[in-house]
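Report on one structure; see the data block that follows.
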Amino acid sequence: MQPHVQKWGNSLGIRIPLSLAQKIGLKEGTPVDLEASDDAIIIRRKRYSLEQLLSQVTPDNLHGEVDTGTLVGREIW
Numbered sequence: 001m002q003p004h005v006q007k008w009g010n011s012l013g014i015r016i017p018l019s020l021a022q023k024i025g026l027k028e029g030t031p032v033d034l035e036a037s038d039d040a041i042i043i044r045r046k047r048y049s050l051e052q053l054l055s056q057v058t059p060d061n062l063h064g065e066v067d068t069g070t071l072v073g074r075e076i077w
């Protein structure tokens, strides 16, 4: 397959062959970073660390306990 740049709305797009996407774990909705380097465009899967995610937790977006219903079986809380 020879991908070509196509107009998609007000943007440009390139279809990524499924075999290439699977090779690096890309799926629909996967967040990516784009970088321009000389005459190349580099697409990298966005990776998050636990520290990055936890740094975004604030008292304003921290939720309380969630009731999951009555006990079933021998759960001990």
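Start counting the sequence shown at 1; every next residue gets the next number (the UniProt record's numbering). We put the beta carbon where it would ideally sit given N, CA and C, even for glycine.
Helix, strand or coil at residue i according to DSSP, with G and I counted as helix
i, result
"LEU54", "helix"
Query raised in the report: Can you give, in chain order, each stretch of the beta strand (DSSP E) that sits fully within the UniProt domain "SpoVT-AbrB" (6-51) and has at least 3 residues?
Result: Counting only runs of 3 or more, we get 6-8, 11-13, 32-37, 40-45.
Query raised in the report: Should the stretch 59-75 be regarded as contacting the stretch 33-50, the criterion being three or more beta carbon pairs within less than 8 Å?
Result: No: the two stretches stay apart, fewer than three of their Cβ pairs being nearer than 8 Å.
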